[in-house]
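Enquirer: Numbering (the numbering used here), first residue to last: 878 to 1105.
Below is the structure:
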């Protein structure tokens, strides 16, 4: 989904949203309820970004969005008596936030879609995709008890990218790792990272030692790239 967009952005702590998933939200704050309604009235997509605290120990403490995030299409499921909104956001594309165009009442950025690298047709997953699919199947059985809801979930599970993105969102607990996976533009590398992070038949979360090693490697790689 290539292109450039004028994108309202909702930063949320601890949430990393992926393109091939759906995210339920309860929107309570009036500013963000207005944002959702504006998106629907103007047929705009919505950016959901992992929020990072800046100036935590100062009077200017605030949340800022990561520059790589996901845009999706918001759908209002229900408006509650207090005005809060139950919203489902269907992921469309990974984007890079560029210049900020508006701060008040909510943030709007210029954004551009980011595509995955072309898939190497010679890649042999060696059963990795099948194993991730089985892990996701077990998660669905454990956490979606309603059979109709499970059927609806599987109806939208179309291809490998859907499986990979949902495994990232549901089974990786560390938010930094989830953000690193979102920012990685190689589907093959994401599959390999998940296979390493999630050992065994049904891991409930990632291997902490492997996770720390991946984060350290990525940090060193960024420093090295800046040095050159």
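Where is the CB? At the ideal position from N, CA and C, for every residue including glycine.
Give every residue of the same chain whose Cβ lies closer than 6 angstroms to the Cβ of residue 891, excluding the five residues on either side of it in the sequence, and list them in chain order.
Expert: 1052, listed in sequence order.
Enquirer: For residue 1095, which residues from the same chain have a beta carbon less than 8 angstroms from its beta carbon, with the 5 sequence-adjacent residues on both sides left out?
Expert: Answer for residue 1095: 1057, listed in chain order.
Enquirer: Tell me whether residue 909 sits in a helix, a strand or coil according to DSSP, three-state version.
Expert: The answer is helix: DSSP assigns residue 909 an H, G or I state.
Enquirer: Relative to the C-alpha of residue 942, which candidate in 958, 1062 and 972 has its C-alpha closest?
Expert: The residue with the shortest Cα to Cα distance from residue 942 is 972.
Enquirer: My parser needs the alpha helix (DSSP H) runs of 4 or more residues fully inside the stretch 1016-1088; what are they?
Expert: Correct list: 1024-1032, 1037-1048, 1052-1060 and 1064-1074.
Enquirer: Measuring CA to CA, which of 1063, 1050 and 1073 is closest to residue 1082?
Expert: Nearest of 1063, 1050 and 1073 to residue 1082, Cα basis: 1050.
Enquirer: In three-state DSSP terms, what is residue 1090?
Expert: Here residue 1090 sits in helix by DSSP.
Enquirer: In angstroms, rounded to a whole number, what distance separates the CA positions of residue 837 and residue 977?
Expert: For residue 837 there is no data in the structure shown, the boundaries of the chain being 878 and 1105.
Enquirer: Identify whether residue 1013 lies in helix, strand or coil by the three-state DSSP scheme.
Expert: Reduced to three states, the DSSP call for residue 1013 is helix.
Enquirer: What is the residue span of the beta strand (DSSP E) that residue 947 lies within?
Expert: Here the beta strand (DSSP E) through residue 947 covers 945-956.
Enquirer: Does DSSP put residue 1117 in a helix, in a strand, or in coil?
Expert: Residue 1117 lies beyond the stretch modelled for the chain, which goes from 878 to 1105, so this question has no answer here.
Enquirer: I think residue 921 touches residue 893, with their Cβ atoms under 8 angstroms apart; what is that distance to the nearest whole Å?
Expert: In fact, because the Cβ distance is near 21 angstroms, the residues do not count as touching under 8 angstroms.
Enquirer: Go through its chain and collect everything with a Cβ distance to residue 989's Cβ below 7 angstroms, but skip five positions before and after it.
Expert: The residues are 881, 972, 973 and 975.
Enquirer: Identify the continuous beta strand (DSSP E) that holds residue 929 and give its terminal residues.
Expert: Segment 923-931, the beta strand (DSSP E) holding residue 929.
Enquirer: Which same chain residues, not among the five before or five after residue 924, have their C-beta less than 6 angstroms away from its C-beta?
Expert: Once the five neighbours on either side are set aside, the close Cβ partners of residue 924 are 884, 886, 946 and 948.
Enquirer: Compare the Cα-Cα distances from residue 968 to each of 1044, 1099 and 895 and report the closest residue.
Expert: Considering only alpha carbons, the answer is 895.
Enquirer: Please report the straight-line C-alpha distance between residue 1028 and residue 1084, rounded to a whole angstrom.
Expert: Using only the alpha carbons, I get a separation of about 30 angstroms.
Enquirer: I need the boundaries of the beta strand (DSSP E) containing residue 881, first residue and last residue.
Expert: That run of the beta strand (DSSP E) goes 881-889.
Enquirer: Could you spell out where the beta strand (DSSP E) holding residue 976 opens and where it closes?
Expert: Element bounds for residue 976: 962-979.
Enquirer: Going by the CB atoms, is the gap between residue 1037 and residue 1012 shorter than 7 angstroms?
Expert: No. Outside cutoff.
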